[in-house]
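Written below as structure tokens is the structure these notes are about.
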Amino acid sequence: MGCTSSNTRRTASRLDKVEEAMPASPSMSSSLSDAPVILESPTTSTGYRQMSSKLATPPTMQPTRRRLHRRRRREPHLDHHLTDRLDMLARYLQRASKVDYQEVLYAQTQRAIDDLLDNIHSFFFLYEAEKRPLWRLAQTGRLVHEVESFHRNLDAITARCGLAVVASSGSGSSLPRWRALWRRMRAERLTFFRSYLEDHEAVAVSNSRVREPADQFELLTLLKYDAQKFDTVLTADELELLERTFTFVAGCCNNSMNFTELGMMSLQEWFVAPYERTKQQLKWQRAPVTVKKAPQTMTSGECFKLANTWSRLQYPHVMKLFGACHIGRRRFFVVAEGTPLTRCFGDEGFPLLASIA
């Protein structure tokens, strides 16, 4: 048991470090729920239970004008309620009796927690690395999908341990209680971006960041991609905000985009968003793949045309294309692993591109 105890202590320490590394969130003032949460094991008769150290949310007070101004300028960080749930589970396991858990199950649970923590940290690290607010807004659907996936995984881990999350009144199981807080945090994020678009200073900054046609093209494509791919998980208000932002960015273009670029905004099945690049390093549709950069001399139009034709080629001696990104400054192709892309490039550019030009 000493080994498993050290593992849980290590996980708790990692959770503390992750939370310290993340910027403070304006939503941190609200607890995970309106009432303290208890973790208890329905599989034992010991009656062991761990009380959350969090207090009930105090009555809301009207924030000062300065506080409102700060809130409007800071996007809420949505990882904190995930790490709070992980922290609660890890600390419970750390205090649990050896009689209550088998060594194998305990070790499996510890590995599952570590893996989930790594995935959460990796996702939010990349999301926070994007400093342009409108580009982060264009990941709304992806953000909702990933966070809800993390919560479902955490629900499964909790259930696998023989644990249930119950209200302090003992009224019964309430594992989905995270959904209420999640809805509030999504509403906070929505308020932030609405205020951002209404702020004249922020709009001026955004205008300066989408003056280049390449940036306009990239942002418009990402907004459209997010709304189409994740329409089933987005609320009507979130979809409305994406549409409103699309109109705002299109208004910044001042007719600088030509008909060819507008045509390339019709999303194809092979399209991969720039932020999905790291996800495709190992597997795509259960096939081993590798990500290859497009030649620097290749334009967005050439990349789009090539990917459109290449994706339809199903010949045994033609390297299979699984996906491609034709927007942004780091265009790339997701191809079958094992064939060097240099075989397709050669000294005179891209032979396949030349053949369809």
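Using full-length UniProt numbering, the first residue of the sequence shown is number 1, and each one after it goes up by one. All C-beta atoms in this analysis are idealised placements derived from N, C-alpha and C, irrespective of residue type, glycine included. The structure displayed is predicted, hence computed values, not measured ones.
> Hey, quick one: how far does the alpha helix (DSSP H) through Cys303 stretch, first residue to last?
Replying inline: The residue given as residue 303 occupies position 303 in the sequence shown. Run containing Cys303: Ser300 to Trp310, per the alpha helix (DSSP H) assignment.
> According to DSSP, is residue 402 helix, strand or coil?
Replying inline: Because residue 402 is not part of the residues shown, which for the chain are 1 to 357, the question remains open.
> Does the beta-carbon of Tyr315 have 16 or more other beta-carbons within 10 angstroms, so that it is buried, or is it exposed?
Replying inline: In the sequence shown, the residue the question calls residue 315 occupies position 315. By the neighbour-count rule (16 or more Cβ atoms within 10 Å), Tyr315 is not buried but exposed.
> For Cys192, which residues of its own chain have a beta-carbon under 6 Å away from its beta-carbon, when the five flanking residues on both sides are left out?
Replying inline: Residue numbering aside, residue 192 sits at position 192 when the sequence shown is read from its first letter. Checking the sequence shown, residue 192 turns out to be Phe, not Cys. Excluding residues within five positions, the ones whose Cβ falls inside 6 Å are Glu75.
> For the putative contact between Ile120 and Asp79, defined by C-beta atoms under 8 Å, what is the C-beta separation to the nearest angstrom?
Replying inline: Here residue 120 is taken as the residue at index 120 of the sequence shown, counted from 1. Here residue 79 is taken as the residue at index 79 of the sequence shown, counted from 1. Yes, they are in contact, since the Cβ atoms of Ile120 and Asp79 sit about 6 Å apart, within 8 Å.
> Using CA coordinates, which residue listed in Val289, Tyr275 and Val291 is at the minimum distance from Ala129?
Replying inline: Mapped onto the sequence shown, residue 129 falls at position 129. The option with the nearest alpha carbon to Ala129 is Tyr275.
>> If I measure Cβ to Cβ from Glu218 and keep anything under 6 Å in the same chain, skipping five residues before and after, which residues do I get?
In response: Looking up residue 218 in the sequence shown gives position 218. Taken in chain order, the residues that qualify are Ile327 and Gly328.
> Would DSSP call Pro316 helix, strand or coil?
Replying inline: As a position in the sequence shown, residue 316 is number 316, starting the count at 1. Coil at Pro316, not helix or strand.
>> Rounded to the nearest angstrom, what separates Leu239 and Ser300 at their Cα positions?
In response: Within the sequence shown, the letter at position 239 stands for residue 239. Within the sequence shown, the letter at position 300 stands for residue 300. For Leu239 and Ser300, the distance between alpha carbons rounds to 27 Å.
> Under a Cβ-count criterion, where at least 16 other Cβ atoms within 10 Å of its own Cβ denotes burial, should Thr247 be classed as buried or exposed?
Replying inline: As a first step, residue 247 is located in the sequence shown; it is residue number 247 there, counting from the start. With fewer than 16 Cβ atoms within 10 Å of its Cβ, Thr247 is classed as exposed.
> Can you give the Cα-Cα distance for Leu222 and Thr140, rounded to whole angstroms?
Replying inline: Residue 222 sits at position 222 when you count from the first residue of the sequence shown. Residue 140 sits at position 140 when you count from the first residue of the sequence shown. Between Leu222 and Thr140, the C-alpha separation is close to 10 Å.
>> Could you tell me the alpha carbon to alpha carbon distance between Glu188 and Val291, rounded to whole angstroms?
In response: Here residue 188 corresponds to residue number 188 of the sequence shown, with the count starting at 1. Here residue 291 corresponds to residue number 291 of the sequence shown, with the count starting at 1. When rounded, the distance between both Cα atoms is 36 Å.
> Span of the beta strand (DSSP E) holding Thr290?
Replying inline: Here residue 290 corresponds to residue number 290 of the sequence shown, with the count starting at 1. Per DSSP, Thr290 belongs to the beta strand (DSSP E) from Ala287 to Lys293.
>> The alpha helix (DSSP H) that contains Val334, what's its start and end?
In response: What you label residue 334 is simply residue 334 of the sequence shown in a count that begins at 1. First-last for Val334: Phe332 to Ala336, but that is the beta strand (DSSP E), not the alpha helix (DSSP H).
>> Which of the three DSSP states is assigned to residue 358 in this structure?
In response: Nothing in the structure corresponds to residue 358, since the chain is present only between 1 and 357.
>> On the DSSP letters alone, give me the boundaries of the alpha helix (DSSP H) that Gly251 sits inside.
In response: Taking the first residue of the sequence shown as 1, we reach residue 251 at position 251. First-last of the alpha helix (DSSP H) with Gly251: Ala236 to Cys252.
> Can you tell which of Gln108, Ala273, Glu243 and Arg160 has its C-alpha closest to the C-alpha of Arg194?
Replying inline: Here residue 194 is taken as the residue at index 194 of the sequence shown, counted from 1. Nearest option by C-alpha distance: Glu243.
> Gln216: buried (16+ other C-beta within 10 angstroms of its C-beta) or exposed?
Replying inline: Locating residue 216 in the sequence shown gives position 216, where the first residue counts as 1. The residue is buried, with at least 16 neighbouring Cβ atoms inside 10 Å.
> Looking only at DSSP bridge pairs, what is Phe124 linked to?
Replying inline: On the sequence shown, residue 124 is found 124 positions in, with the first residue counted as 1. Paired residue(s): none; Phe124 is not in a bridge.
> Quick one: Cα of Asn207 to Cα of His81, how far?
Replying inline: Walking along the sequence shown from the start, residue 207 turns up at place 207. Walking along the sequence shown from the start, residue 81 turns up at place 81. Computed Cα separation, rounded: 33 Å.
>> Which same chain residues end up closer than 8 Å to Gln296 when comparing Cβ atoms and leaving out the 5 residues on each side of it in sequence?
In response: For the purposes of this step, residue 296 is taken as the residue at position 296 of the sequence shown. Cβ within range, chain order: n/a, list empty.
> When the Cα atoms are used, what is the spatial distance from Phe304 to Lys320?
Replying inline: In the sequence shown, residue 304 corresponds to position 304, counting from 1. In the sequence shown, residue 320 corresponds to position 320, counting from 1. If I take the Cα positions, the gap works out to 16 Å.
> Counting along the chain, where does the alpha helix (DSSP H) carrying Thr191 start and finish?
Replying inline: The count along the sequence shown starts at 1 and reaches residue 191 at position 191. That run of the alpha helix (DSSP H) goes Trp178 to Glu198.
> What are the partner residues of Phe271, as DSSP defines its beta bridges?
Replying inline: What you label residue 271 is simply residue 271 of the sequence shown in a count that begins at 1. DSSP, once it has assigned bridges, lists Ala324 as partnering Phe271.
> Is Met88 helix, strand or coil by DSSP?
Replying inline: Here residue 88 corresponds to residue number 88 of the sequence shown, with the count starting at 1. If DSSP states are grouped into helix, strand and coil, Met88 belongs with the helices.
>> On the CB-based measure, 16 or more other CB atoms within 10 Å of its CB, does Glu198 come out buried or exposed?
In response: The residue you call residue 198 lines up with position 198 of the sequence shown. Glu198 should be labelled exposed.
>> So, at 7 Å on beta carbons, what are the nonlocal neighbours of Glu337 in its own chain, with the 5 sequence-adjacent residues on each side left out?
In response: For the purposes of this step, residue 337 is taken as the residue at position 337 of the sequence shown. Same-chain partners within the cutoff: Pro288, Val289 and Thr290.
>> Please report the distance separating the alpha-carbon of Leu116 from that of Leu154.
In response: In the sequence shown, residue 116 corresponds to position 116, counting from 1. In the sequence shown, residue 154 corresponds to position 154, counting from 1. One C-alpha to the other measures close to 8 Å.
> Helix, strand or coil: how does DSSP classify Pro76 here?
Replying inline: Counting from 1 along the sequence shown, the entry for residue 76 is found at position 76. If DSSP states are grouped into helix, strand and coil, Pro76 belongs with coil.
> Which class does Ala138 belong to by DSSP, given the choice of helix, strand or coil?
Replying inline: For the purposes of this step, residue 138 is taken as residue 138 along the sequence shown, with counting starting at 1. In this structure, Ala138 counts as coil in the three-state DSSP scheme.
> Is Met265 near Leu306, with beta carbons less than 8 Å apart?
Replying inline: Within the sequence shown, numbered from 1, the residue matching residue 265 stands at position 265. Within the sequence shown, numbered from 1, the residue matching residue 306 stands at position 306. Contact: no.
> Any idea if Gly323 is buried or exposed, counting beta-carbon neighbours within 10 angstroms, 16 or more meaning buried?
Replying inline: To locate residue 323, count along the sequence shown from 1; it is residue 323. Gly323 is buried by the Cβ-count criterion.
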